[in-house]
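Colleague: Dropping a structure here in structure tokens format, bear with me for questions.
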Amino acid sequence: MKNKKGLEMQEGSVFDFDIHAISQILPHRYPFLLVDRVVRLETFKDVHAYKNITYNEEVFMGHFPGKPIYPGVLIVEGMAQAGGLLAFISLFGYDPVAASTKIVYFMTIDRVKFRNPVIPGDQLHYHLAVQKHKGMIWQVAGVSKVGDKVVAEAELKAMIVDRKEEKA
Numbered sequence: 043m044k045n046k047k048g049l050e051m052q053e054g055s056v057f058d059f060d061i062h063a064i065s066q067i068l069p070h071r072y073p074f075l076l077v078d079r080v081v082r083l084e085t086f087k088d089v090h091a092y093k094n095i096t097y098n099e100e101v102f103m104g105h106f107p108g109k110p111i112y113p114g115v116l117i118v119e120g121m122a123q124a125g126g127l128l129a130f131i132s133l134f135g136y137d138p139v140a141a142s143t144k145i146v147y148f149m150t151i152d153r154v155k156f157r158n159p160v161i162p163g164d165q166l167h168y169h170l171a172v173q174k175h176k177g178m179i180w181q182v183a184g185v186s187k188v189g190d191k192v193v194a195e196a197e198l199k200a201m202i203v204d205r206k207e208e209k210a
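Per the working numbering, the sequence shown starts with residue 43, numbered consecutively.
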């Protein structure tokens, strides 16, 4: 399969990324970069990534004082970021220059279920698998876990667009 530069992109190519490599692809920054490491990304198939949840997260100042619980919407956003990495890397490979010209927009988030709370000290694992894709449109199914416990599930659909097509 050829990427958008016409270079051969092997289906099933496997990558892993630390936070520095992730920040070269995703536009998100602190406090909204919600993927700390990609353990394994197999192009056109799936991604395994994680975020370390610490008590120092700003969100815990208000959610909830005395009983910190990581918000479900941030779990889904973390899945979305991991899914965005999967879609982008599958099409373009690890290419920070291309990443600076593209952005992943989420179109739909369906079948969201929250199963268990996430608290400081947890390592939140994301697993996103490609359900289908056509060109720049991707649909992935995600499961987030802490240890063996499922904490959230969702189906997400996204599209990759040129940044110049963004509306002000």
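All C-beta atoms, glycine included, are put in the ideal place defined by N, C-alpha and C.
(1) To the nearest whole angstrom, what separates the beta carbons of Gly114 and Ala194, a pair I think is in contact under 8 Å?
(2) For the alpha helix (DSSP H) containing His62, list its first residue and its last residue.
(3) Is Met103 buried or exposed, if buried means 16 or more other CB atoms sit within 10 Å of its CB?
(4) State the Cα-Cα distance for the pair Gly135 and Leu116, rounded to the nearest angstrom.
(5) When burial is assigned at 16 or more other CB atoms within 10 Å of the CB, is Gly54 buried or exposed?
(6) Please report how far the alpha carbon of Ala91 lies from the alpha carbon of Lys206, in whole angstroms.
(7) Does the Cβ of Thr23 have 16 or more other Cβ atoms within 10 Å, making it buried, or fewer, making it exposed?
(8) Any idea what DSSP makes of Leu116, helix, strand or coil?
(9) Skipping 5 residues on each side, what residues in its chain have a beta carbon closer than 8 Å to that of Gln173?
(10) Below 8 Å on the Cβ atoms is my guess for Gly120 versus Leu76; work out the distance and round it to an integer in Å.
(11) Which residue or residues does DSSP assign as beta-bridge partners of Ile151?
(12) From the DSSP output, which residues share a beta bridge with Tyr92?
Modeller: Taking the coordinates as given:
(1) Residue mapping note: residue 114 aligns to position 72 of the sequence shown, counting from 1. Residue mapping note: residue 194 aligns to position 152 of the sequence shown, counting from 1. 6 Å between Cβ atoms; contact.
(2) Position 20 of the sequence shown, counted from the first residue, corresponds to residue 62. For His62, the uninterrupted alpha helix (DSSP H) segment begins and ends at 61-67.
(3) Within the sequence shown, numbered from 1, the residue matching residue 103 stands at position 61. Exposure of Met103 is indicated by the presence of fewer than 16 other C-beta atoms within 10 angstroms of its C-beta.
(4) Start at 1 with the first residue of the sequence shown, and residue 135 comes out as number 93. Start at 1 with the first residue of the sequence shown, and residue 116 comes out as number 74. Between Gly135 and Leu116, the C-alpha separation is close to 26 Å.
(5) Counted from its first residue, the sequence shown places residue 54 at position 12. Its Cβ having fewer than 16 others within 10 Å, Gly54 is exposed.
(6) Sequence index remark: in the sequence shown, residue 91 carries index 49 (1-based). Sequence index remark: in the sequence shown, residue 206 carries index 164 (1-based). C-alpha separation (whole angstroms): 29 Å.
(7) The question about residue 23 has no answer, for the chain in this structure spans 43 to 210.
(8) Position 74 of the sequence shown holds residue 116. Note: Leu116 maps to helix in three-state DSSP.
(9) Reading the sequence shown from its first residue, position 131 is the one you call residue 173. Excluding the 5 residues flanking it on each side, Gln173 has same chain C-beta neighbours closer than 8 Å at Gln181, Val182, Ala183, Glu197, in chain order.
(10) As a first step, residue 120 is located in the sequence shown; it is residue number 78 there, counting from the start. As a first step, residue 76 is located in the sequence shown; it is residue number 34 there, counting from the start. About 4 Å separates the beta carbons of Gly120 and Leu76, which is inside the 8 Å limit, making them a contact pair.
(11) Counting from one through the sequence shown, the residue named residue 151 turns up at place 109. Bridge partners of Ile151: Leu198.
(12) If you number the sequence shown from 1, residue 92 lands on position 50. Partner(s): Arg79, His167.
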